[in-house]
Structure formats: C-alpha cells, structure tokens
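Chains as they are written, first to last, in this note's numbering: chain A, 59 to 334; chain B, 59 to 334. Cβ coordinates follow ideal geometry from the N, Cα and C atoms, glycine included. Taking it in order: structure first as structure tokens, then the write-up.
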C-alpha cells in the first residue's frame, strides 16, 4: 500500500484509527477460553466489530510470542483473516526489530513476506544497514522509532546528539529520512509528547507518523491532531487496551465497537476541521 | 546461572566460545531436508558436535521467525534439547527486543520464562522502563546492545551524547549499569571495535561482554581478548556462520566440531596467558 492509498482510505472512513491487537490471553473474556483458538477468536471478533472505524491494525508481536508456537499460529491466522476479509486496511507488525544486515533480512522475510504485513516497526540504534533490509519490498513500510511514548524515552532519546544542537530523536529522523522516501518510511512518535510532535512535523512535513499513547498512556487526541496532522492527514493514532478490553463480558465486541466509533467520531471532526 | 557459575564453566572447558545458531534452511546440508524437522536436526547435530568446546549457545530468533510457526517449534525443540542434555551451558535468545513496559514484560515471559533462556539481547533506545521487565527473573540476564559490530554502529552509537563528552554507546553503558548489577547485565560489544572495547572494559571492569563479529565480520580473537578480558574472563565470543556452515556435506557436524575446537584451542591459550 502506498501513502495515496492510505490517505484515500482515511478519507473514505473519516478515520485515522489504528487498532492495536495487544491480545493477552489473561485479559480476554472467559467465555472465549472454550474456543479452539481463543486469541484468534478474540481478534476476529474485535476486527469485525471495528473494521468500519479503523484504517489500520497493529498486532503487538510480543503478546503472540509469549504464547509460544500456538501464539505464532494465532498471529498467522489473524493476519490471514485481515488480508483476505479486509484487504483495504493497513497492517503493521509491531515488532521493533533491528539487527545486523543478514539478520534484519530474516526478520524482513518473516514479517513483510511470510506474514505479508504492510509495515513493521523497527528500532534505529544499530543504524542504516540494520534498517535497509526492511526497505527492499515494493509498497511495504518501515516505521522507525523516533520519540517513544514511554517514560524511558527520556533516558537516551532526548540526549543532545552530535554537534548540531539536535536531540538524538531528531538526529535519528534527519539521518534516516535520507534512507528512503516518505512512501516507505514512517516514524513512531508518542502521543505523550505533543510539543515535540509539532517540531517533528515541521522537520518532516510529508511523512506519516504512527502515534501510540492515547488512552491508557495519557495522550490527548485533539492535541495530537493539532500538532501532528499534515496536508494529507499524515497520522495514524493507535488505541489498544481502551478498545480491546472495554468489556470482559460476552459484549466485548460490541463495547469495542463503541469505543472505536467514539474515537472515529472525534477523528471525523478533526479531519473536517482540517478540511481533509 | 550467575556469573560465578559461568566463569566456572569457562575454566572447566577452557573456552569462552558462544555458538550462534543462525540456522538458515537455505544453507543447511541438503541431505537434512528429508528429516521431519531439518532445522532442529541440524541444530541438534551442531550442538552435540560442539558442546565440549562451547560454554554458550545463541539462537538468532530472526531465522526461526522467518520460518513461521514451524520455526518457532524448531526453536522450542532446540532450547529444550539444550536445557535437558547440556544443563551447564548458558543459553542466549538473540532477539534484540525492547518496548514499552507491558510489552517488554510479554517478551520477557516469552524468552526467559516460556522458552527458559538464561539471557536475552535487548535494544536500549526506549530506555529504562523498556529494559527493567527483563530484569525481574532470578539468575536470568539482559545483554544490552552497546556498540554493535555492524557498519551502522557509526550512525548513532558514536554520536556525542549529552554534555559529558561521552559517545552515545558510552552513555548507554553508564546509565544502564545503574539499573542492575553485573550479575544480571551484560553488554554487546562488536569484535570489530577493539580500541573501543578496551575503553569499555576500563569503564565496567566486572561486567561480562558478549562479543560478536569474529570470522565473517572481520574481528580478531587475540585482539578482542587482549582488549576485553576481565579478571574473571568476562567475555563470551560468538561465532555463527564459521562453525555452522563449515561444510554443506554430510560431514557438516564433524567440520563444525573442528572449527569450534580450533577456536577453543586459541581461547585456552589466551586464558592460560591471562592466568585464568
């Protein structure tokens, strides 16, 4: 998927919502534990309930790996279900990988080829040759960590880096934005840093940003949109726990739909206000 | 396993060799493709052939994920085989994970609990709360990326960081070494940076270092030992491709054993010279 197709979907659905599939077997409704594959059954119900309101889905790979090979199978079924039933949605493997070249190439095969995700989140610490292998696939994306939503973002990402007066996260963006066009590269910027988000948008007016951290982590949607929107929307705002675990009863999918609709309604207003 | 037990094993085997299990189905000997699980059969033969010469094994998780759920099953069988037949060896999940707290906690469960590895490699970019969840397990280790062996290490790791005159990789070591003792925390330092390795050893005299990059990547064992050894050895030197793919014939395990023995012999000399 390219950025024009993504923007097109945003306009059609009047939404820039990404639903994070951080599916934790300990948190899914008890009645699902009778199913053959409770995690896949949960994901399928969540996707069906929210697909009208979301433009992207982002399985958080950690939660599947914590279940071993059964988890990997649930992940395979989830991405297959997404690709076959909702081919228009943008799919993100939230994996935060990054290693020496031949190893990154293996991760790229795993997520962009074998599982056929549209995008993968990548950590920048190991530099260009750790990121480049993920960029070798047509219409597939790297979403590079820039300024993350967590408190630990203060440990290294805000350090003055080099002699340019830039912070490390700014240096990561400036350097990496030369590695690929804004049709293959997005950045992760946490909703918990709205002021820095505005500065990042000035640095890179055309790149899409994947923005986690609203809801459980405390970020605010209207502030994020004001600071981060580009001329082509340019933001995907993620919500995970607020949607997935809105109810632990048999009404979980209905309640997830209501939460997603609430976010989509706010997003429709923000898009309208921005004349998009 | 604690550092005293690891050092004890190093003295017994007169080796500080870590065998990297970067098992690529496209590179294993053709005759193994008739086996039910060629990757596990390959790993088992490599481990049996080299266990006398190695103190640690390090499956590179990317190569297993590139095979999907079958790969994850091969990984489970490999770690189970290691733990049951060679309980004295140190096992490292080369995973380079790191995410917000609840996600890192899921990765920690996956690798340190479910798969029961002794250690996992972790990327530092997201800071303290992304690393801490991996530190909550007795006698289990975090091996944090400091200065990696690849060319991309120059992109960010060498940037002047903060106002202290330190490089980013030095800042990562200084900051993170306050998060845990040297009985729970090691660092990855590439063999391709022997001068910096000596500086790192002065900064942290007691921490173990995991050192990739000899062989295919060009690092030199004697230089690494001269620069990196501590009073309790303090280094694990990894070799992957040089051992695994020494032969693509039916003699692959024998040739792997010869390569591992050659490295172990050099290591025995280096340990003797250091009176360890």
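Nearest neighbour of residue i, chosen from the options [CA to CA]
| i | options | result |
| --- | --- | --- |
| residue 213(A) | 236(B), 253(B), 211(B) and 223(B) | 236(B) |
| residue 89(A) | 314(A), 82(A) and 100(A) | 100(A) |
| residue 174(A) | 150(A), 239(A), 243(A) and 310(A) | 150(A) |
| residue 62(B) | 142(B), 204(B), 148(B) and 276(B) | 148(B) |
| residue 281(B) | 91(B), 252(B) and 60(B) | 252(B) |
| residue 345(B) | 232(A), 220(A) and 233(A) | No answer is possible for residue 345(B): it lies beyond the span of chain B, which begins at 59 and ends at 334. |
| residue 71(B) | 331(B), 319(B) and 332(B) | 319(B) |
| residue 200(B) | 187(B), 227(B), 128(B) and 243(B) | 243(B) |
| residue 59(B) | 119(B), 136(B), 117(B) and 141(B) | 141(B) |
| residue 116(A) | 136(A), 264(A), 233(A) and 240(A) | 136(A) |
| residue 347(B) | 288(B), 283(B) and 209(B) | A question about residue 347(B) goes unanswered here, because the residues of chain B that appear run from 59 up to 334. |
| residue 76(A) | 254(A), 152(A) and 180(A) | 152(A) |
| residue 254(A) | 69(A), 139(A), 283(A) and 239(A) | 283(A) |
| residue 245(A) | 69(A), 144(A) and 181(A) | 181(A) |
For residue i, three-class secondary structure by DSSP
| i | result |
| --- | --- |
| residue 150(A) | strand |
| residue 245(B) | strand |
| residue 173(B) | coil |
| residue 108(A) | helix |
| residue 158(A) | coil |
| residue 262(A) | coil |
| residue 193(B) | helix |
| residue 255(B) | helix |
| residue 306(B) | coil |
| residue 42(B) | Absent from the structure is residue 42(B), since the part of chain B shown begins at 59 and ends at 334. |
| residue 334(A) | coil |
| residue 188(A) | helix |
Inter-residue CB distance, residue i and residue j (contact presumed, cutoff 8 Å)
| i | j | result |
| --- | --- | --- |
| residue 334(B) | residue 293(B) | Contact doesn't hold; Cβ gap of about 11 Å is too wide. |
| residue 183(B) | residue 156(B) | 7 Å |
| residue 285(B) | residue 73(B) | Actually they are not in contact, since the Cβ atoms of residue 285(B) and residue 73(B) sit about 19 Å apart, beyond 8 Å. |
| residue 248(A) | residue 211(A) | 7 Å |
| residue 103(A) | residue 311(A) | 4 Å |
| residue 269(A) | residue 296(A) | 7 Å |
| residue 205(A) | residue 215(A) | 6 Å |
| residue 87(A) | residue 307(A) | 6 Å |
| residue 217(B) | residue 225(B) | 7 Å |
Counterpart residues of residue i in DSSP-defined beta bridges
| i | result |
| --- | --- |
| residue 277(A) | 272(A) |
| residue 224(A) | 219(A) |
| residue 78(A) | 116(A) |
| residue 97(B) | Residue 97(B) is not bridged to any residue. |
| residue 200(A) | 178(A) and 243(A) |
| residue 296(A) | 76(A) |
| residue 205(A) | 247(A) |
| residue 267(B) | 245(B) and 293(B) |
| residue 61(A) | DSSP output for residue 61(A) lists no bridge partner at all. |
Beta-carbon proximity list for residue i, same chain, < 7 Å, skipping 5 on both sides
| i | result |
| --- | --- |
| residue 191(B) | 159, 162, 163 and 166 |
| residue 93(B) | 99 |
| residue 134(B) | 173 |
| residue 305(B) | 313 |
| residue 186(B) | 237 |
Residues of its chain near residue i, where Cβ-Cβ distance is below 6 Å and the 5 sequence neighbours each way are ignored
| i | result |
| --- | --- |
| residue 324(B) | 279 |
| residue 290(B) | 65 |
| residue 298(A) | 78 and 80 |
| residue 85(B) | 303 |
| residue 107(A) | 311, 314 and 315 |
| residue 273(B) | 297 and 300 |
| residue 177(A) | 150, 199 and 201 |
Residues of its chain near residue i, where Cβ-Cβ distance is below 8 Å and the 5 sequence neighbours each way are ignored
| i | result |
| --- | --- |
| residue 195(A) | 166, 170 and 171 |
| residue 125(B) | 83, 97 and 132 |
| residue 335(A) | Residue 335(A) cannot be examined here, being either before or after the span of chain A that is shown, 59 to 334. |
| residue 37(B) | Outside the modelled stretch of chain B, which goes from 59 to 334, sits residue 37(B), for which no answer is possible. |
| residue 193(B) | 200, 237, 238, 242 and 243 |
is_contact[residue i, chain D] using C-beta, thresh 8 Å
| i | result |
| --- | --- |
| residue 214(A) | Here the protein chains are A and B, and chain D is not one of them. |
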